[in-house]
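Protein chains in written order, with the numbering used here: chain A, 34 to 242; chain B, 34 to 242. One structure is given here, and the rest of the page talks about it.
There are 2 protein chains.
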Amino acid sequence: MEVQSIAVSSSVVVFFLIVLFRVPEAVSGRPLAYGKPDPKDAAATARWLVAQNSWGVLSTISSDSGGSPFGNVVSFSDGVPGEGCGIPYFYLTQLDPTARYALVDERSSFTLSEFPLGSCGKKDPENPSCAKLTLTGKLKLLDNQSSEAEFAQNALFSKHAEMKDWPKSHNFQIFKLEIEDIFLVDWFGGPKPLSPDQYFSFAKNVAVA
Amino acid sequence: MEVQSIAVSSSVVVFFLIVLFRVPEAVSGRPLAYGKPDPKDAAATARWLVAQNSWGVLSTISSDSGGSPFGNVVSFSDGVPGEGCGIPYFYLTQLDPTARYALVDERSSFTLSEFPLGSCGKKDPENPSCAKLTLTGKLKLLDNQSSEAEFAQNALFSKHAEMKDWPKSHNFQIFKLEIEDIFLVDWFGGPKPLSPDQYFSFAKNVAVA
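Put into structure tokens, the structure is as follows:
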């Protein structure tokens with residue numbers, strides 16, 4: 034009886050430890066939040082936000098309604114996990130307005146927040162120390178025979194497994210944002226100066242987890 | 034020895050149960066997702082997304098860069114919890130570009146996703162059954178002496194407690210989105226037709242939790 038009781042309590046302890054230390058990913062399917070850079074390092078923070086987030090809001094100019102801005106929820110990827118290149122790639126169908134609008138007027142912006150990563154704690158999503166990033170530039174359709182399209186498809190499918198099974202009849206196409214301007218707020222005192230060159234030259238050949 | 038072992042295993046089981054069944058809110062401070070409407074009910078779904086989310090992306094036209102769209106992460110509220118009116122109110126400073134842009138060109142859109150609420154499970158954020166909403170219209174500065182401004186301030190401060198302590202020197206002002214068009218995707222088969230009248234007449238006098 035004593036041996037049996039110890040055996041039961043041991044297996045309960047093991048199970049309990051598994052539950053306690055499991056990674057929280059299963060809670061909502063969101064990427065894990067770890068390794069947030071020092072807010073003083075603007076390039077690291079911007080690249081981390083792009084590497085960690087799986088979705089954002091892509092804004093284009095609506096040709097249906099006389100030039101109003103139109104923000105749309107989209108998934109994206111800048112590389113296979115741990116090897117982000119900083120360029121956001123998208124998998125869009127012209128059944129959705131964003132791709133259609135971009136083919137008429139390619140001016141667009143892509144906006145990300147730290148808040149859904151879970152690392153802002155109890156801070157308000159609009160608190161400047163809860164980082165936010167807007168990449169502004171041109172949304173370009175990739176040639177689907179190019180090596181960049183191959184890279185982008187691997188980037189997208191590795192982070193968004195269901196994409197490879199999306200209906201062929203919807204004619205999904207790969208787009209990228211050519212970044213021209215970067216707006217990053219990650220602390221008090223206004224946006225951090227950050228050029229596309231600084232953004233892209235951050236940690237070359239170093240994985241951004 | 035036997036009694037001690039049983040006592041230890043019992044306390045471990047209790048602790049394990051607490052860990053297993055704790056509410057997930059503590060993981061990231063996000064609002065809990067409950068009561069998602071039937072996707073067939075477009076008005077209910079749109080109002081639920083607005084009532085449940087605490088932040089979104091507000092897109093305006095950038096007067097700094099020749100009319101490009103500019104999406105920005107902002108907090109918002111449409112009412113005290115359980116009493117949302119459907120109008121998104123914002124607390125913005127002209128130190129941030131969005132308020133400045135809106136005062137030059139008030140055309141704007143506000144975009145929300147179901148994904149950060151946690152109720153999309155393992156679905157991709159771009160999967161049509163993970164709901165997304167874009168409200169398009171005009172971003173208007175409220176007269177701070179009006180009764181609407183008083184309502185809006187209660188709406189904002191009740192959901193964003195730290196706002197009341199934000200620096201007076203930043204001159205935060207209350208804006209609202211006057212909704213003219215609604216883009217809602219909450220299932221397969223394209224956007225759901227939903228007029229502003231249908232959106233606003235949903236569940237009048239009924240709490241939208």
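Think of the CB as a built atom: it goes at the ideal place given N, C-alpha and C, for glycine as much as any other residue.
Per-residue DSSP class, three states only, for residue i
| i | result |
| --- | --- |
| T126(A) | coil |
| P70(B) | coil |
| K201(A) | helix |
| F233(B) | helix |
| S162(A) | coil |
| R63(A) | With a pLDDT of only 35 at R63(A), under 50, the local geometry of the prediction cannot be trusted, and the value read off the model is given with reservation. Of the three classes helix, strand and coil, the one that applies to R63(A) here is coil, per DSSP. |
| L174(A) | strand |
| S179(B) | coil |
| S191(B) | helix |
| F184(A) | helix |
| L227(A) | coil |
| F148(B) | helix |
| R55(B) | For R55(B), the predicted model reports a pLDDT of 36, less than 50, meaning its position is unreliable; a value from the coordinates is still stated below. Here R55(B) sits in coil by DSSP. |
Short CB-CB distance (under 7 Å) between residue i and chain B
| i | result |
| --- | --- |
| V107(A) | yes |
| F103(A) | yes |
| E116(A) | no |
| V113(A) | no |
| S92(A) | yes |
| K173(A) | no |
| P121(A) | no |
| P158(A) | yes |
| T144(A) | yes |
| K165(A) | yes |
| A236(A) | no |
Closer than 7 Å at the beta carbon, the chain A residues around residue i
| i | result |
| --- | --- |
| P72(B) | Within chain A, no residue comes near P72(B); the closest Cβ sits about 16 Å away, beyond 7 Å. |
| F148(B) | W88 |
| E195(B) | D157, N160 |
Candidates the options: closest to residue i by CA position
| i | options | result |
| --- | --- | --- |
| L168(A) | D214(A), S87(A), F190(A), L175(A) | D214(A) |
| C118(B) | F148(B), L91(B), N204(B), A79(B) | A79(B) |
| G115(A) | D129(A), E147(A), L82(A) | L82(A) |
| F208(A) | P200(A), F216(A), N86(A), A188(A) | A188(A) |
| T93(A) | E139(A), Q178(A), A164(A) | E139(A) |
| Y134(A) | F205(A), L175(A), D97(A) | D97(A) |
| E181(B) | K73(B), Q206(B), L166(B), W199(B) | Q206(B) |
| S228(B) | L166(B), F184(B), D176(B), L175(B) | L166(B) |
| Q85(B) | P70(B), L91(B), D74(B) | P70(B) |
| F221(A) | S191(B), L128(B), P121(B) | L128(B) |
| P72(A) | V90(A), F103(A), Y122(A), P161(A) | P161(A) |
| S202(A) | K173(A), F148(A), G68(A), L125(A) | L125(A) |
| S95(B) | F216(A), A76(A), S87(A), V137(A) | F216(A) |
| G170(B) | D219(B), T144(B), K225(B), E195(B) | T144(B) |
| W199(A) | V107(B), E159(B), S146(B), L150(B) | E159(B) |
| V137(A) | L172(A), V106(A), P149(A), S152(A) | L172(A) |
| P102(B) | A77(B), D74(B), S141(B) | S141(B) |
| A185(A) | F123(A), S146(A), A77(A), G89(A) | F123(A) |
| K192(A) | N204(B), D157(B), D219(B), K197(B) | D157(B) |
| S87(B) | P130(A), W88(A), S146(A), P226(A) | S146(A) |
| A132(B) | V113(B), G99(B), L175(B) | L175(B) |
| G89(B) | G68(B), P121(B), D74(B), V113(B) | P121(B) |
| D219(A) | N177(B), V106(B), C163(B) | V106(B) |
| E195(A) | E183(A), D230(A), G154(A), F109(A) | F109(A) |
| L210(A) | D111(A), S152(A), N204(A) | D111(A) |
Chain A within 7 Å of residue i, Cβ atoms only
| i | result |
| --- | --- |
| R140(B) | yes |
| H203(B) | no |
| V83(B) | no |
| G222(B) | no |
| S8(B) | Any property of residue 8(B) remains undetermined from this structure, which presents chain B solely from 34 to 242. |
Neighbouring residues, chain B, relative to residue i (Cβ below 7 Å)
| i | result |
| --- | --- |
| S162(A) | Residues of chain B passing the Cβ test: none, with the nearest at roughly 11 Å. |
Residue i: contacting residues in chain A (beta-carbon distance under 8 Å)
| i | result |
| --- | --- |
| E211(B) | By Cβ distance, chain A contributes nothing, its closest Cβ being about 12 Å from E211(B), past 8 Å. |
Residue i beta carbon near the ligand GDP (any heavy atom closer than 6 Å)
| i | result |
| --- | --- |
| F143(B) | As far as ligands go, the structure on display features none, and thus does not contain the ligand GDP. |
Beta-carbon neighbours of residue i, restricted to chain A and to distances below 9 Å
| i | result |
| --- | --- |
| L128(B) | G223 |
| K69(B) | Within 9 Å Cβ-Cβ: nothing; K69(B) doesn't reach chain A, min ~14 Å. |
Contact list for residue i against chain B, beta-carbon separation under 8 Å
| i | result |
| --- | --- |
| S98(A) | T169, D214 |
Secondary structure, alpha helix (DSSP H): runs of 4+ residues fully inside the segment 81 to 125 of chain B: If you keep only unbroken alpha helix (DSSP H) runs of at least 4 residues inside the segment 81 to 125 of chain B, you get nothing at all.
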